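Protein chains in written order, with our numbering: chain P, 147 to 861; chain E, -3 to 499. One structure is given here, and the rest of the page talks about it.
And the structure:
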């Protein structure tokens, strides 16, 4: 570890913030050229720093580059004795962060360049505002991935949420766009609420175990390893661990758009298309996956014990299998929704939700590096697809409805190739980038099934759901491609004449991303690759030092869980002990991987040919508007459910204000007590007539009463 | 050391000088009042840095209470003019003196009638509020506690909006009624101890269980009304809606903090056992307050009323942190008090600016302001972020610490079950979502959308408003990113409170 490295994380993070300040303060006066130069230069400089680190990693002997951490002082700390909270401004760059930084700054810089072309026809003020928001986003995203503890990560986590809010509602004049931004922030806040509670539980765990809480990833992972290996945690501490992991996962369902919180992402397409590419496809939405991989060791032993209130019943919910289940369901649900969309950006939005579901599935299956691998390839091909879609929308002056497109292949060749290559990568066509990463995830799930001696059918079901999602993905990809670029054009003559071809600033990023979308997968070749075998998985090799979570076999897991949660001993027979999971490993590995891969290739080809037959030659059929169409188009109606709920809350709050707050508390109780005292005083006033005779009577009555009282007590 | 009397007298001197100025020279009056408040602020800054946090060669043990000053007042009944500050007082004093010049600047062009009286009222208000934070004598404290109502009563009643009289009367009677219970309790304590000297009371006060319980109720009632805690909050929306911008700022930013201050300074250390009995119930009221205040804010169509209810929600969280009695809860509560002072003070200042431009508080009349006033919008959004506790702004640390303290808290210890405080924390945390909902909806209704009519020609921030908002925003971010100096000062102050509760 060299001392000279220590300013680097700081510099990498600070560059975009600098760009944000300069563009934000001076951009509107200084013009577009200035804004473009500064706002593209800032992330590009960060990229150069990151790239230099990557080169250093590449050229040091394997295993020697260990990354580094920098603490820039204390953020906040309090407490004494065995309860000291000490949160540092801790930044770290290890292998995982390095990869994330490469993706974020690399794809980010390309999208910045693209934006300069895409936003070229707005005013200087708007342009500067747009670019400075993008820079702010880059800064926050880099804080998120370089942060060394949960709270620094959380600064970035909420910071990117803020930028997402500002950028979705960038064209704030249109109320529905402002509303979409607001929705994104609030839905994410539901996840953040859980995230905060999760952090609090970890702090309490750290207090109990170490007497000092720093929330740093190292410590959190160490707690997970302790829980997994030595089982020194007591019952309540295991509960806290499970609950905290569940909370973090709920946080991830917000940011990474999983069931039940994915509803904001389709609406987020209200933002300009470069925003959708950068924030809502390539970087921000993957934060949830990154976070779970970051503290993977904490997730591995996590079991949430749900005690049903007022009863003795309790359910054990193992968190990682839950993550995989939710991921698979999301992947499938969003794919069915993508099939039913006619808005080109909505297809891509649901496709993103679906692909994030795959990543979650991989994370849940313990295939952490596979999930990060898919995160990377997805960043390439989905950014490519979004930028391509943006170029089409730009060319057609804002048209997003695919029913109005068709036959654009000849008119917009660059966009066509962007879509074609990106689409094949998304569909998982053999040898394209998405093929390798998706299959690594699917095999990771299948592997869990095999590792459980084929007893855990859940994993088989998750695997099958994932495979059917792959079929749907291939189908909607070619549906989109056919509707947009093939067949006869459905534009009017006038519109056709005014097609606005993308300029150099927009073409260049497309071309770079095309290359990566095609070849990006070769860094993670499967173990069954002839000749090189295991050595082909460069990305797994690179990430392995950063991934602390080590899966145990299903059987070990069950036994350990029973021990920890139920405090019961499990008797293991000698044979069971001898034949460990690792011995079986090699037998099952190869055959399973080939099977999984073959099956998915067949399904992908099936989906592609179906899409080809239905949409490449024939004009698309308009939605029948039937119930099933609407059901899928609205992503199974979850959003409708939420908006009903929110509507209810609003009506309820108005009622509560009118009846309870004003009616009961203010008017009845508070002002009522005032009226009561007035009434009493009036009552008393009635006696004060000022007439001497009346007063004499009162005195006489009073005197008699007093006398009577005195006599009573005296006797 | 006579810095504390100086601090309290400076605004009064300002008010005295103001009374000799000709009543038509509005700018001279404003200027003089500005100078007085700035000088006060400078004195408080000197005090902040002179306040000892680490042991030195001469004074090896850091005293909790510093700048002690004592004058004879009524020795026959054991009352004296005894002033002194600990970290808690110090920080609230800083908040008060920091906000006063900005408040004066904020009302520069909006108050044009009876300017002289207005500024005198403001300065007297400052003096009385500062005195409340400095008192180390129970009777003196009570005198200033009631005295500060008078300038506020006048500000709402004279410079307020259409229904000002009703609002100001409600405000005055409601808070004064609560305080009378406290007066009775103060006299009871005096009967027991024979003095009003706070430090003597801390050492010698010994109360039986029932005594603690009833006296705690009397004190808590006064403070709960001031905070205000659900369901004693209904005076607040009226007062805020009717008060002039300056009044709202002072009310929200400083005056409401008196409640929290009172809990920490008196109720907790005087009656630890009584508070322990009351805590579970007050905690429930606080949790209800967090959710209820937020729901109320969602239902509002009036800018100021919405922010008033958001205060109810935020300050309920402060009460929750205090009643937990945990270290994290108390630190968080004080931090949240400061953060709320900045963020809500900032919101009321910004609302004042909007009101000056559009002369309405109706949310329906707004929309699309972002187009014509982008910097005003930017300031409002930053302040909103501080208010909804985005990490990196001042709001987050307080909220996080309070929730942490609540999660650790066990109001009714039972070895067979998990601490009940976890449920409190779970429900209180819903403020995270609800707060974002009402604030962002407010932003959407005021700033986003298409600008129609007058909204299209709203002027952006002028120089004076830049001068107001820049330090506000800087402090919101500064306190959020570098809270160290604040936390270290208040931890020293909280130590004796926690110790008293443990015994």
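All C-beta atoms, glycine included, are put in the ideal place defined by N, C-alpha and C. Computed from a predicted model, the values in this text were never measured in an experiment.
- Between the C-alpha atoms of residue 455 (chain E) and residue 359 (chain E) there is a straight-line separation of about 18 angstroms.
- When E:154, E:280, E:252 are compared, the shortest CA-CA separation from residue 112 (chain E) is found for E:154.
- Here residue 250 (chain P) is buried. Its C-beta has 16 or more other C-beta atoms within 10 Å.
- The C-beta separation of residue 287 (chain E) from residue 423 (chain E) comes to about 7 angstroms, placing the pair in contact by the 8 angstroms criterion.
- Around the Cβ of residue 655 (chain P), a 10 Å sphere holds 16 or more other Cβ atoms; the residue is buried.
- Interface flag for residue 405 (chain E) against chain P is unset, since no Cβ pair is found closer than 9 angstroms.
- In the structure shown, residue 230 (chain P) adopts extended strand secondary structure according to DSSP, grouped into three states.
- Annotation: the continuous alpha helix (DSSP H) that includes residue 38 (chain E) extends over 22 to 46.
- Nearest in C-alpha terms to residue 174 (chain P), of all of P:438, P:268, P:499, is P:268.
- Just so you know, the alpha carbons of residue 499 (chain P) and residue 371 (chain E) end up roughly 35 angstroms apart.
- Annotation: the segment 407 to 480 of chain P contains the following complete segments of the beta strand (DSSP E) (minimum length 3 residues), in chain order: 449 to 453, 460 to 464.
- The three-state reading of DSSP puts residue 750 (chain P) in helix, counting H, G and I together.
- Contact between residue 401 (chain P) and residue 370 (chain P) is ruled out by a C-beta separation of about 21 angstroms, above the 8 angstroms threshold.
- Three or more beta-carbon pairs separated by less than 8 angstroms link the segment 225 to 242 of chain P to the segment 202 to 214 of chain P, which places the two stretches in contact.
- Take residue 629 (chain P), set aside five residues on each side of it, and the residues of its chain with a beta-carbon closer than 6 angstroms to its own are 548, 761, 766, in chain order.
- Taking every protein chain shown into account, the CB of residue 694 (chain P) has 16 or more other CB atoms within 10 angstroms, so this residue is buried.
- In its chain, beyond the 5 residues on either side, 30, 33, 34, 37 have a beta carbon closer than 7 angstroms to the beta carbon of residue 97 (chain E).
- By the rule that beta-carbons nearer than 9 angstroms mark a contact, residue 480 (chain E) touches chain P.
- The segment 774 to 787 of chain P makes no contact with the segment 643 to 657 of chain P: fewer than 3 CB pairs, one atom from each, lie closer than 8 angstroms.
- Residue pairing by DSSP puts residue 217 (chain P) in a beta bridge opposite P:236.
- In this structure, the straight-line span from the alpha carbon of residue 60 (chain E) to that of residue 120 (chain E) is close to 28 angstroms.
- Residue environment: residue 334 (chain P) is assigned as buried (16 or more neighbouring CB atoms within 10 Å of its CB, all protein chains considered).
- Shown in chain order are the members of the segment 393 to 420 of chain E whose Cβ falls below 7 angstroms from a Cβ of chain P: 393, 396, 399, 400, 403, 404, 414.
- Contact annotation for residue 483 (chain E) against chain P: 222, 223, 224 [CB-CB distance below 9 angstroms, chain order].
- Close to residue 335 (chain P), with beta-carbon spacing below 7 angstroms, are these residues of chain E in chain order: 428, 429, 432.
- Only exposed fits residue 408 (chain E), as fewer than 16 other CB atoms lie within 10 angstroms of its CB.
- Counted as a single uninterrupted DSSP element, the beta strand (DSSP E) harbouring residue 63 (chain E) occupies residues 62 to 70.
- Taking C-beta atoms under 8 angstroms as the contact rule, residue 469 (chain P) and residue 509 (chain P) qualify, at a distance of about 6 angstroms.
- Against residue 454 (chain P), chain E offers no close residue; the least beta-carbon distance is about 14 angstroms (beta-carbon pairs closer than 7 angstroms).
- Counted as a single uninterrupted DSSP element, the beta strand (DSSP E) harbouring residue 80 (chain E) occupies residues 75 to 81.
- Just so you know, the alpha carbons of residue 569 (chain P) and residue 546 (chain P) end up roughly 18 angstroms apart.
- Pairing residue 533 (chain P) with residue 257 (chain P), the inter-Cα distance amounts to about 8 angstroms.
- Counting C-beta pairs closer than 8 angstroms gives three or more between the segment 253 to 261 of chain E and the segment 214 to 226 of chain E, which meets the contact rule.
- Between the segment 427 to 446 of chain P and the segment 537 to 546 of chain P there are fewer than three inter-stretch CB-CB distances shorter than 8 angstroms, so the stretches are not counted as touching.
- Listed in chain order, the positions of the segment 380 to 408 of chain P with a beta carbon within less than 8 angstroms of a beta carbon of chain E are 382, 385.
- Leaving aside the five residues that flank residue 484 (chain E) on each side, the residues in its chain whose CB is nearer than 7 angstroms to its CB run, in chain order, 49.
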